[in-house]
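Enquirer: Questions regarding the structure given below will be posed in turn.
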Amino acid sequence: MTIDIIVCVKQVMDPETPASAFDIDPESNKVVEVHGIPPVVNGFDENAVEAALRLKDDGHVGKITVLALGDHFVMDVMKKPLSMGADELVLVQDESASDLDPFATSNALAAAIEKIGRFDLILCGRQASDWDQAHVPIGIAHFLGLPVISFGQNIEISDEGVVVHRSIGDGYEVVGAPLPAVVSVTNELGEPRYPNLRGIMQASRKAPIIWSREDIGLGNDDLSSKVYVEELYIPVSEQTVEMIEGEDDEDSGRKLALRLREEKLI
Amino acid sequence: MPGILVFGECADSQILSITYELTAVARRLSESTGSEVAVSLMGEIEDDVASGAIAHGADKVFILSDDVLHGGELDAQLSAFETVCKYYKPSVVLFGRTMGGRELAPRLAFSLGVGLAQDCLDVYVDPTDSKICASRPVYGGNAMAKVKFSESDPNVIVIRPKTTEPLLPDDTREGEIDRVNLKLDPSVIKTKVIETVLESSEGIRLEDAKVVVAGGRGLGGPEPFDMLEDLAKVLGGAVGASRAVCDAGWLDHAYQVGLTGKTVTPDLYITVGISGASQHMAGCSSSKHIIAINRDPEANIFKTSSFGVVGDWKSVLPTFIETVRELVDS
């Protein structure tokens, strides 16, 4: 038996963007795009793509479809999952996408998944590195009426469905659910693979399927948000660091210890 | 305003600290709203344990019990807690950003069709419009967001652990304990916990340690962590690590401090070779004092440190450990 997988991914600002380049537009309450630093596929979503590819390596998978929702896409960035080995890319493009809260985002992704139609397993990254909410996998499961398992660090397909090692910090739970199901994937799964040349060539020949909000059958009412951002601002740090400078590094180490003692910290 | 309901967490029939932290947040909020504060607990909880929640600020304690809860499945916990929410009709529901809370909160919010704010540092009533406002770090801590709710109650809010101190217990406080036998339908469980595998680490628990010595990518490999282990031992503390270290396999993920790892609040957080990426700082920024040893004078970690040394850890660390050992022994 083979299964079809949909992996949901998000295009995000590169989390390695230096704080000095980070800026906010107070009018729109949005982060200003940094010139010269392209966005990336959210890191945990690449772990989810990797999880799908491992199942495919084991011969369990028919087709891997990658799905994303956004207001604009950088095609070279969004094609990375294809060059890693995914089969198809579906992009739902709507100018309101970056204003949606997780409730509306999940609703839109669930509608797109229903339009794709064929799936047994939906994989998502555990959370996105911009807003770190970890809501969308749960929301997709809610709107599609499916079981959901979060923080998967190992995923296997059995006769009964899916068996997931769910990371719990000091270990893991082995959790099982019937298919179809939604599983969110955590970095404990292991590093995503690098695209090889053959993968990059194949991806360059694949054209993504692009849908609008109308294509997935959603109106304005379906995308109303339940939470809104009243203000987005850059916090000011009040901490001032005392730098310890010795004659050389060895001396600095000694002086640091003495200074901590002086402050009764050790 | 209707009551504030805290999702309480227990282990081994005892109430966990996060529950008291949330109760303190609820109490502070109720000074503005005048709301009652209720705490919901699950499992085999004795009356004298439940009174602990009252002493820490609760007006009411719900103790939910049902055979279906024994397996530890989140599906069952969700169903139980949702039942109490529908009965109590709170204005605000508070969760801790724990392994269970960070997942149950969105599940509850979706199920009730209400909004939710994740990983908040603070929640308060905005004096300008009397609405509940939650503030939370986003973009890995580069920005803060003030979030409000457009929908009706309850507002579901997840609080980062260790951002608020529990109230000092007052045994003269009075409150009500309400035992609820739920009779849940076992078919609510769609995902079944087959087994729990715990990776036990030796020594002091990272989350409980008063001193944490943490290493990052700058250490270059697993071997230098032996020195960190030494230093932790001398100071009676525990070792932690950045995500890069755990992803590289130098240390197990149980050592990971950060947004997706553990949250620690020691008196002293000593970092070696950690640049201070905001996702890491999310797990340690409430430490009383951060000490940084890093080669890069521009490293972000120095912005939040009390004391810093710019230098090569290979030279700084041995004399630092040696001097610390002498001082502690004397």
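Going line by line, the protein sequences match chains E and W.
Using the numbering used here, read the first sequence as starting at 1 and increasing by one per residue.
Using the numbering used here, read the second sequence as starting at 1001 and increasing by one per residue.
Backbone N, C-alpha and C define an ideal beta-carbon position, used for all residues, glycine too.
Note that the coordinates shown come from a computational prediction; the quantities given were computed from them, not determined experimentally.
Using a Cβ-Cβ distance cut-off of 8 Å, determine whether D222 of chain E contacts chain C.
Expert: No chain C is present in this structure, whose protein chains are E and W.
Enquirer: Please classify T1164 of chain W as buried or exposed, where buried requires at least 16 neighbouring CB atoms within 10 angstroms.
Expert: If you number the second sequence from 1, residue 1164 of chain W lands on position 164. Classification of T1164 of chain W: buried, given that the 10 Å Cβ count is 16 or more.
Enquirer: Would you give the residue range spanned by the beta strand (DSSP E) that D1119 of chain W belongs to?
Expert: Translated into positions along the second sequence, residue 1119 of chain W becomes position 119. Note, D1119 of chain W: beta strand (DSSP E), 1116-1120.
Enquirer: Could you pull out every residue in the same chain whose Cβ sits closer than 7 Å to the Cβ of A203 of chain E, ignoring the five residues on either side in sequence?
Expert: For the purposes of this step, residue 203 of chain E is taken as the residue at position 203 of the first sequence. Around A203 of chain E: K79, L82, S83.
Enquirer: Considering just the uninterrupted stretch of the beta strand (DSSP E) at R1136 of chain W, what are its terminal residues?
Expert: For the purposes of this step, residue 1136 of chain W is taken as residue 136 along the second sequence, with counting starting at 1. From DSSP, the beta strand (DSSP E) with R1136 of chain W extends over 1132-1138.
Enquirer: Identify whether F1225 of chain W lies in helix, strand or coil by the three-state DSSP scheme.
Expert: Reading the second sequence from its first residue, position 225 is the one you call residue 1225 of chain W. Looking at F1225 of chain W - three-state DSSP - the assignment turns out to be helix.
Enquirer: Indicate the three-state DSSP secondary structure (helix, strand or coil) for W211 of chain E in the structure shown.
Expert: As a working note, residue 211 of chain E is residue 211 in the first sequence. In the structure shown, W211 of chain E sits in a strand (DSSP, three-state: E or B).
Enquirer: DSSP beta-bridge partners for S184 of chain E?
Expert: Your numbering for residue 184 of chain E matches position 184 in the first sequence. Beta-bridge pairing links S184 of chain E to E:C124.
Enquirer: Using only the alpha-carbon positions, how far apart do T1260 of chain W and D132 of chain E sit?
Expert: Counting from one through the second sequence, the residue named residue 1260 of chain W turns up at place 260. Counting from one through the first sequence, the residue named residue 132 of chain E turns up at place 132. Roughly 9 Å between the two C-alpha positions.
Enquirer: What residues from chain E crowd round T1191 of chain W, counting only those whose CB sits closer than 8 Å?
Expert: Mapped onto the second sequence, residue 1191 of chain W falls at position 191. For a Cβ distance threshold of 8 Å, residue set P147, V148, I149, V175, G176, A177, A181 of chain E lies close to T1191 of chain W, ordered along the chain.
Enquirer: Let me confirm a value: D170 of chain E is counted as buried when at least 16 other C-beta atoms fall within 10 Å, else exposed. Which label applies?
Expert: The residue you call residue 170 of chain E lines up with position 170 of the first sequence. With 16 or more Cβ atoms within 10 Å of its Cβ, D170 of chain E is classed as buried.
Enquirer: Between the alpha carbons of P18 of chain E and P137 of chain E, how many angstroms are there, rounded?
Expert: Mapped onto the first sequence, residue 18 of chain E falls at position 18. Mapped onto the first sequence, residue 137 of chain E falls at position 137. C-alpha separation (whole angstroms): 29 Å.
Enquirer: Have a look at R213 of chain E and D101 of chain E and give me their C-alpha separation to the nearest angstrom.
Expert: Your numbering for residue 213 of chain E matches position 213 in the first sequence. Your numbering for residue 101 of chain E matches position 101 in the first sequence. Looking at the two C-alpha atoms, the distance is approximately 16 Å.
Enquirer: For a minimum of 4 consecutive residues, which ranges assigned as the alpha helix (DSSP H) are wholly contained in the segment 7-70 of chain E?
Expert: 43-57
Enquirer: Output, in chain order, the set of chain E residues within a Cβ distance shorter than 7 Å of A1181 of chain W.
Expert: For the purposes of this step, residue 1181 of chain W is identified with residue 181 of the second sequence, where counting begins at 1. Correcting the residue type first, residue 1181 of chain W is Asn in the shown sequence and not Ala. Within 7 Å Cβ-Cβ: nothing; N1181 of chain W doesn't reach chain E, min ~26 Å.
Enquirer: Output, in chain order, the set of chain W residues within a Cβ distance shorter than 8 Å of M84 of chain E.
Expert: Locating residue 84 of chain E in the first sequence gives position 84, where the first residue counts as 1. Against chain W, a Cβ distance below 8 Å from M84 of chain E picks out nothing, because the smallest value is about 17 Å.
Enquirer: Measuring straight from C-alpha to C-alpha, what distance separates A1277 of chain W and G1240 of chain W?
Expert: Counted from its first residue, the second sequence places residue 1277 of chain W at position 277. Counted from its first residue, the second sequence places residue 1240 of chain W at position 240. Approximately 15 Å between the Cα atoms of the pair.
Enquirer: Could you check the C-alpha separation between G217 of chain E and V90 of chain E for me, to the nearest Å?
Expert: Along the first sequence, one-based indexing puts residue 217 of chain E at 217. Along the first sequence, one-based indexing puts residue 90 of chain E at 90. Looking at the two C-alpha atoms, the distance is approximately 15 Å.
Enquirer: How many Å lie between K1089 of chain W and D1153 of chain W at the Cα?
Expert: Along the second sequence, one-based indexing puts residue 1089 of chain W at 89. Along the second sequence, one-based indexing puts residue 1153 of chain W at 153. Going from the Cα of K1089 of chain W to the Cα of D1153 of chain W covers about 8 Å.
Enquirer: For the beta strand (DSSP E) containing A1292 of chain W, list its first residue and its last residue.
Expert: Taking the second sequence and counting its residues from 1, the one referred to as residue 1292 of chain W is at position 292. Residues 1289-1294.
Enquirer: Look up F73 of chain E in the DSSP assignment and say whether it is helix, strand or coil.
Expert: As a working mapping, residue 73 of chain E is identified with position 73 in the first sequence. Reduced to three states, the DSSP call for F73 of chain E is coil.
Enquirer: Looking at the structure shown, is G1113 of chain W part of a helix, part of a strand, or coil, going by DSSP?
Expert: The residue given as residue 1113 of chain W occupies position 113 in the second sequence. Coil at G1113 of chain W, not helix or strand.
Enquirer: Beta carbon of G1101 of chain W, beta carbon of V1025 of chain W: below 8 Å?
Expert: Your numbering for residue 1101 of chain W matches position 101 in the second sequence. Your numbering for residue 1025 of chain W matches position 25 in the second sequence. Result no, Cβ atoms of G1101 of chain W and V1025 of chain W do not sit closer than 8 Å.
Enquirer: Checking the sheet assignment: what are the DSSP bridge partners for K1148 of chain W?
Expert: Numbered from its first residue, the second sequence carries residue 1148 of chain W at position 148. Residue pairing by DSSP puts K1148 of chain W in a beta bridge opposite E:Y228, W:C1133.
Enquirer: Pick from E:I37, E:L258, E:G43, E:N29: whose alpha carbon is nearest that of L189 of chain E?
Expert: For the purposes of this step, residue 189 of chain E is taken as residue 189 along the first sequence, with counting starting at 1. That would be E:G43, whose Cα lies nearest to the Cα of L189 of chain E.
Enquirer: For the beta strand (DSSP E) that contains Q153 of chain E, what are its first and last residues?
Expert: For this step, residue 153 of chain E is matched to residue 153 along the first sequence. Counting along the chain, the beta strand (DSSP E) containing Q153 of chain E begins and ends at 148-157.
Enquirer: Determine, using beta-carbon pairs with one atom in the segment 1307-1315 of chain W and one in the segment 246-253 of chain E, whether at least three such pairs fall under 8 Å.
Expert: yes
Enquirer: Output the boundary residues of the alpha helix (DSSP H) element that contains G1308 of chain W.
Expert: For the purposes of this step, residue 1308 of chain W is identified with residue 308 of the second sequence, where counting begins at 1. Segment 1307-1310 is the beta strand (DSSP E) holding G1308 of chain W; no alpha helix (DSSP H) there.
Enquirer: Looking at the structure shown, is C1085 of chain W part of a helix, part of a strand, or coil, going by DSSP?
Expert: In the second sequence, the residue the question calls residue 1085 of chain W occupies position 85. Helix.
Enquirer: The alpha helix (DSSP H) that contains D1247 of chain W, what's its start and end?
Expert: Taking the first residue of the second sequence as position 1, residue 1247 of chain W is located at position 247. First-last of the alpha helix (DSSP H) with D1247 of chain W: 1243-1247.
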